[in-house]
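All remarks here apply to the structure that follows.
2 protein chains.
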Amino acid sequence: MYRSHSCGELRTSDIDKQVTLSGWVQKARDKGFMIWVDLRDRYGITQLIFDEERTPAAVVEKAKTLGREFVIQVKGNVIERESKNPNIPTGDIEILVTELEILNEALVPPFTIEDETDGGEDIRMKYRYLDIRRNPVKNSLMFRHQVAMKVRNYLSDEGFVEVETPYLIKSTPEGARDFVVPSRMNEGQFYALPQSPQTFKQLLMVGGMDKYFQIVKCFRDEDLRADRQPEFTQIDCEMAFVEQEDILHIFEGLTKHLIKDIKGINIEHFPRMTYDEAMQTYGNDKPDIRFGMKFGELNVVSQHKEFKVFNEAELVVGIAVPGGASYTRKEIDKLVDWVKRPQVGALGMVYVKCNEDGSFKSSVDKFYDQEDLSKWAEVTGAKKGDLICVLSGAKNKVRGQLSALRMELAERLGLRNPEEFAPLWVVDFPLLEWDEDTERYHAMHHPFTSPKPDDIPLLDSKPGDVRANAYDLVLNGNEIGGGSIRIHDKETQALMFDHLGFTPEEAKEQFGFLMDAFQYGAPPHGGIAFGFDRLVAILGGQETIRDFIAFPKNNNGRDVMIDAPANIDQEQLKELSIKLDI
Amino acid sequence: MYRSHSCGELRTSDIDKQVTLSGWVQKARDKGFMIWVDLRDRYGITQLIFDEERTPAAVVEKAKTLGREFVIQVKGNVIERESKNPNIPTGDIEILVTELEILNEALVPPFTIEDETDGGEDIRMKYRYLDIRRNPVKNSLMFRHQVAMKVRNYLSDEGFVEVETPYLIKSTPEGARDFVVPSRMNEGQFYALPQSPQTFKQLLMVGGMDKYFQIVKCFRDEDLRADRQPEFTQIDCEMAFVEQEDILHIFEGLTKHLIKDIKGINIEHFPRMTYDEAMQTYGNDKPDIRFGMKFGELNVVSQHKEFKVFNEAELVVGIAVPGGASYTRKEIDKLVDWVKRPQVGALGMVYVKCNEDGSFKSSVDKFYDQEDLSKWAEVTGAKKGDLICVLSGAKNKVRGQLSALRMELAERLGLRNPEEFAPLWVVDFPLLEWDEDTERYHAMHHPFTSPKPDDIPLLDSKPGDVRANAYDLVLNGNEIGGGSIRIHDKETQALMFDHLGFTPEEAKEQFGFLMDAFQYGAPPHGGIAFGFDRLVAILGGQETIRDFIAFPKNNNGRDVMIDAPANIDQEQLKELSIKLDI
Numbered sequence: 097m098y099r100s101h102s103c104g105e106l107r108t109s110d111i112d113k114q115v116t117l118s119g120w121v122q123k124a125r126d127k128g129f130m131i132w133v134d135l136r137d138r139y140g141i142t143q144l145i146f147d148e149e150r151t152p153a154a155v156v157e158k159a160k161t162l163g164r165e166f167v168i169q170v171k172g173n174v175i176e177r178e179s180k181n182p183n184i185p186t187g188d189i190e191i192l193v194t195e196l197e198i199l200n201e202a203l204v205p206p207f208t209i210e211d212e213t214d215g216g217e218d219i220r221m222k223y224r225y226l227d228i229r230r231n232p233v234k235n236s237l238m239f240r241h242q243v244a245m246k247v248r249n250y251l252s253d254e255g256f257v258e259v260e261t262p263y264l265i266k267s268t269p270e271g272a273r274d275f276v277v278p279s280r281m282n283e284g285q286f287y288a289l290p291q292s293p294q295t296f297k298q299l300l301m302v303g304g305m306d307k308y309f310q311i312v313k314c315f316r317d318e319d320l321r322a323d324r325q326p327e328f329t330q331i332d333c334e335m336a337f338v339e340q341e342d343i344l345h346i347f348e349g350l351t352k353h354l355i356k357d358i359k360g361i362n363i364e365h366f367p368r369m370t371y372d373e374a375m376q377t378y379g380n381d382k383p384d385i386r387f388g389m390k391f392g393e394l395n396v397v398s399q400h401k402e403f404k405v406f407n408e409a410e411l412v413v414g415i416a417v418p419g420g421a422s423y424t425r426k427e428i429d430k431l432v433d434w435v436k437r438p439q440v441g442a443l444g445m446v447y448v449k450c451n452e453d454g455s456f457k458s459s460v461d462k463f464y465d466q467e468d469l470s471k472w473a474e475v476t477g478a479k480k481g482d483l484i485c486v487l488s489g490a491k492n493k494v495r496g497q498l499s500a501l502r503m504e505l506a507e508r509l510g511l512r513n514p515e516e517f518a519p520l521w522v523v524d525f526p527l528l529e530w531d532e533d534t535e536r537y538h539a540m541h542h543p544f545t546s547p548k549p550d551d552i553p554l555l556d557s558k559p560g561d562v563r564a565n566a567y568d569l570v571l572n573g574n575e576i577g578g579g580s581i582r583i584h585d586k587e588t589q590a591l592m593f594d595h596l597g598f599t600p601e602e603a604k605e606q607f608g609f610l611m612d613a614f615q616y617g618a619p620p621h622g623g624i625a626f627g628f629d630r631l632v633a634i635l636g637g638q639e640t641i642r643d644f645i646a647f648p649k650n651n652n653g654r655d656v657m658i659d660a661p662a663n664i665d666q667e668q669l670k671e672l673s674i675k676l677d678i
Numbered sequence: 097m098y099r100s101h102s103c104g105e106l107r108t109s110d111i112d113k114q115v116t117l118s119g120w121v122q123k124a125r126d127k128g129f130m131i132w133v134d135l136r137d138r139y140g141i142t143q144l145i146f147d148e149e150r151t152p153a154a155v156v157e158k159a160k161t162l163g164r165e166f167v168i169q170v171k172g173n174v175i176e177r178e179s180k181n182p183n184i185p186t187g188d189i190e191i192l193v194t195e196l197e198i199l200n201e202a203l204v205p206p207f208t209i210e211d212e213t214d215g216g217e218d219i220r221m222k223y224r225y226l227d228i229r230r231n232p233v234k235n236s237l238m239f240r241h242q243v244a245m246k247v248r249n250y251l252s253d254e255g256f257v258e259v260e261t262p263y264l265i266k267s268t269p270e271g272a273r274d275f276v277v278p279s280r281m282n283e284g285q286f287y288a289l290p291q292s293p294q295t296f297k298q299l300l301m302v303g304g305m306d307k308y309f310q311i312v313k314c315f316r317d318e319d320l321r322a323d324r325q326p327e328f329t330q331i332d333c334e335m336a337f338v339e340q341e342d343i344l345h346i347f348e349g350l351t352k353h354l355i356k357d358i359k360g361i362n363i364e365h366f367p368r369m370t371y372d373e374a375m376q377t378y379g380n381d382k383p384d385i386r387f388g389m390k391f392g393e394l395n396v397v398s399q400h401k402e403f404k405v406f407n408e409a410e411l412v413v414g415i416a417v418p419g420g421a422s423y424t425r426k427e428i429d430k431l432v433d434w435v436k437r438p439q440v441g442a443l444g445m446v447y448v449k450c451n452e453d454g455s456f457k458s459s460v461d462k463f464y465d466q467e468d469l470s471k472w473a474e475v476t477g478a479k480k481g482d483l484i485c486v487l488s489g490a491k492n493k494v495r496g497q498l499s500a501l502r503m504e505l506a507e508r509l510g511l512r513n514p515e516e517f518a519p520l521w522v523v524d525f526p527l528l529e530w531d532e533d534t535e536r537y538h539a540m541h542h543p544f545t546s547p548k549p550d551d552i553p554l555l556d557s558k559p560g561d562v563r564a565n566a567y568d569l570v571l572n573g574n575e576i577g578g579g580s581i582r583i584h585d586k587e588t589q590a591l592m593f594d595h596l597g598f599t600p601e602e603a604k605e606q607f608g609f610l611m612d613a614f615q616y617g618a619p620p621h622g623g624i625a626f627g628f629d630r631l632v633a634i635l636g637g638q639e640t641i642r643d644f645i646a647f648p649k650n651n652n653g654r655d656v657m658i659d660a661p662a663n664i665d666q667e668q669l670k671e672l673s674i675k676l677d678i
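Residue numbers (my numbering), protein chains in the order written: chain C, 97 to 678; chain S, 97 to 678.
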């Protein structure tokens, strides 16, 4: 037996006990006649003491050889500490060591195993197994487990059944790129790894399994933006015999439960907003509503003067920055530079200082008088002391730019408190969105999303105006879940594929099995999928997901620890009936 | 709202309630003036009644159009049934329908949606979504979910953390074939799908996460034997600072808990047997100990006469078949034919009838007298009325043959009761096994298994005799789990790779990250993995796993429902820098 107790367990009530502990040497202090060692394991740190008077000489000698991260086992007696450490739960005791065994030596680790480490991202990823020894990563992984358990138990108690859907499925050209897997037994053919279990969960609904969920890995071969992973985890859910309202109700319940259980915060009711309203008010379909700075559309009150930039703009829109009137000219210039960065892409920014005396000072005083500007203040909700920032241009672009500015300012003003939780349902998403590259409409969600019945006649005349029974759950400015009521009849599904540019043959080849299934008694159904990595990170008070993933990949999709992907040998390629084409 | 109640919910206490139900038409009986419909959902069946006197005429007319598997919604009143059906929980009531909506029509299903269906395996796999509507499959999937929940809650309560390890990893030539995934972003390189998270869980131990588990999909590109799947699910577990005894204790606890919780059967203590004993006594490293017929080795009592076949055999071994003395000559001939089938491969079988009068009658009376045969009876434990079946030949082969015969006879004799549970630990597996094809030793378990320290000196002289700290958990003749104490130091791991025929360069290229990790303070560790598909099937009283997998593949690794694997287009191949080589 390697240990009788963990390193986080012993208290003054254990004094005089004979114990055995195992763990890693966090640090050792050698005072000559006395050596202290902090012994660490997953559960905490316990101080060991080797004392010339009370510890056998050979043991003291061995203790002198201990280096950082050595793995050791000690036996000894629990004694009261002379100088107690109130910062750790075991700080009242220490172990007077009588026996020491070195279980494994350790090279000096390439970075310090401390909460605040000296190791940069790259080296920590290469030695991820050492990084995991650090509390921030270890605790994040344990937290992730706890959230997963809570999700599973909640949904299971609600009658949901976790069903494992296959990982070796079929490639479909719709959506992002698939990872594919050559089949040895079926020469020249490939499996694909699922981007989501979408069609399988729908088939489970056809199969009568009316409440399904799965915490499941999904795969997307995309060029990775920061904080995206080629493999990611979803809480994937589907229900039959439901309308949108039923789904929102159940999964609002789940999310409430998690926030209450983990954070102790009770949220009575999640507000809702249509996609149109979100875009108009926040320039964004996943608004962070922990703070204001709502958009004020200024076309009516700004396009009546000689200011050509505004007059020619599709949209003139502003936000009121709390306390921003005190910004210096230099600070404002920096803001202007910020919105002009290529990542944001605005051509410029108009501003209005709302002075404490009620007067206004703007960068466009040449065109607009005090009365004009007071109307702007009214529309944007600006108060004395605020700064109104105004952007103009093509509607979609300018909304995105002002939304970016709004988030940036909120960050700077400390309005994005990670301990505050502001969930929001965004509903009534458009069914289709125009894709500039391919010059055709794409499914905004996916091709199985049902249009709102009233809007179906618009499919031919104004496809972009057709709304879907689709919804997103937004938490603190992050989309944590999204779903829809699905199409459940073959005709509507065929109509949808047609509008997405599939020929009937293509639709049949790729999704024939689903359309067939719809003919054998498919119930009305719908669902939602949560991005589990992100959900866990937000509940853990973080914005980046990487520390909540045990072995993440870098932005080139590489695992730098195991050095994958890697070459495979000719033999293997030959068996798979493929060759390299480079 | 599609339903106020499920189809399994209503009782006499609900009589007079107005309810809304949704589901599938199980069957409809039209008596002209009255129509009965059995409405089915996941929760049960409720009888609907459409009655010319009490139901609106239009509704009755619509009810006449209903076919099997139509999806409908009805409103109506709960009334008492005239002729009650005691076989279903809702059998005391029926619904007098007032409103009927057809939610979706259905083609006639290609097989009956009944517990005993008329559909063969192939058609049920093609229409798996209809097969899942049947109780046996639906209940198996729900049972699987319950077992998974119990496993997770048990292990979590024991302090285990479920950590998700990556699916896109690195190919290694050791063991079975990997499925590989071409990387678009890393030209000419490939990921592999994990055959198990083995190295990652070991790295988690190095990372201090001392109790890990994961219910996880694993992948093996093998030629599929019956009842094997290219993707399968494991309960994967690892612990640090443990010896073999700790692991057996914890996972005996888990298995006991499952058998108790699911079957109500309390098993105090799991027996243990060494690999050598299992091979000697049952000819098999996963013996079914629900019944006897233990092997009796007959070399000493059979190689002293003129019977050349036995005299030249490495092993002469027999079993006593209870009651087999009554078999007719024809029946025995059939047994002989059975062992001579190519799947078993014996050259012949010697038998001895132990007559009720105490005399013996054998197929080798020419060589052996009554006294000889009485010794055989003693060694095999044969009683009056039994039949002794004796095989001979090379030790390993003949043990396998007799084991197959033992299992076959037990099956015929009804000794393999699926409601009886006989777990068994098999311990002290050999470290290495000789591979005839490659003419070298392979790791019996995997190359990370630690040899028993006492046996390390044998590595050079008698590699086949080195025992490992490896163990299997056997349940009713099935290996449901297997694991080992791992090597945790670089030197022993290097020694092991050397003995497995890796050059130091190959070892470094493939497992350098693990050997590096061992240098930074790796704790002693070990683990186990359970085959979850098989475990669930056995706990569910079945021997085949297919009904416990929602969407299984066939023996060619194909999903016949979605028709995968499939061709992918040239564009996609080009992006992946590969081409077909067929």
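In this text, a Cβ means the ideal position worked out from N, Cα and C, and glycines have one as well.
Item: Cβ-based neighbour list, T370/S, same chain, cut-off 7 angstroms, excluding 5 preceding and 5 following; Value: V523, D524
Item: Nearest-angstrom Cα separation, counted from A374/C out to L289/C; Value: 34 angstroms
Item: Other residues of its chain near V440/S: CB distance less than 6 angstroms, five sequence neighbours each side excluded; Value: Q497, A500
Item: Neighbour-count burial assignment, G689/C, 16 or more Cβ in a 10 Å radius; Value: Residue 689/C cannot be examined here, being either before or after the span of chain C that is shown, 97 to 678.
Item: Residues within the stretch 176-208 of chain C neighbouring chain S, beta-carbon criterion of under 7 angstroms; Value: L199, N200, A202, L203, P205
Item: Cβ shell of I136/S (< 7 angstroms), same chain only, five flanking positions each side left out; Value: For the record, residue 136/S in the displayed sequence is Arg; it is not Ile. The residues are C103, G119, W120, Q122.
Item: Rounded C-alpha distance that separates E507/S from A421/S; Value: 18 angstroms
Item: C-beta neighbour in chain S for P541/C, strict 7 angstroms; Value: The sequence given here has His at residue 541/C, not Pro. No - not a single Cβ of chain S is within 7 angstroms of the one on H541/C.
Item: For W682/C, the nearest candidate out of N249/C, G284/C, K480/C, I484/C (CA to CA); Value: What the structure shows of chain C is the stretch from 97 to 678, and residue 682/C is not part of that stretch, so it cannot be assessed.
Item: Cβ-based neighbour list, T186/S, same chain, cut-off 8 angstroms, excluding 5 preceding and 5 following; Value: C103, G104, E105, L106, R107, G140, I141, T142, Q143
Item: R305/S (DSSP reduced to helix, strand or coil); Value: Sequence inspection shows Met at residue 305/S; the Arg mentioned does not correspond to that position. Reduced to three states, the DSSP call for M305/S is coil.
Item: Whole alpha helix (DSSP H) elements within the stretch 407-462 of chain S, 4-residue minimum; Value: 425-436
Item: 7 angstroms Cβ cutoff met for Y98/C and A613/S; Value: no
Item: Every unbroken alpha helix (DSSP H) within the stretch 282-352 of chain C, with a cutoff of 4 residues, ordered by chain; Value: 294-302
Item: Against chain C: residues of the stretch 563-581 of chain S by CB proximity under 8 angstroms; Value: none
Item: Sub-7 angstroms separation of R386/C and V632/C beta-carbons; Value: no
Item: R280/S: contacting residues in chain C (beta-carbon distance under 8 angstroms); Value: R273, D317
Item: Segment limits, beta strand (DSSP E) that includes S488/C; Value: 483-489
Item: Reduced DSSP secondary structure (H/G/I, E/B, other) of D372/S; Value: helix
Item: Length of the line joining the Cα atoms of K266/S and Q668/C; Value: 13 angstroms
Item: Any 3 or more C-beta pairs closer than 8 angstroms across the stretch 296-312 of chain C and the stretch 331-351 of chain C; Value: yes
Item: Check whether R321/C and Q291/C have beta carbons under 7 angstroms apart; Value: no
Item: Own chain partners of Y250/C with C-beta closer than 6 angstroms, once the 5 adjacent residues on each side are dropped; Value: L350, H353
Item: Every unbroken beta strand (DSSP E) inside the stretch 97-154 of chain C [3 residues or more]; Value: 114-126, 130-137, 140-147
Item: Range of the contiguous beta strand (DSSP E) that encloses F626/S; Value: 621-627
Item: Beta-carbon proximity list for A660/C, same chain, < 8 angstroms, skipping 5 on both sides; Value: R654
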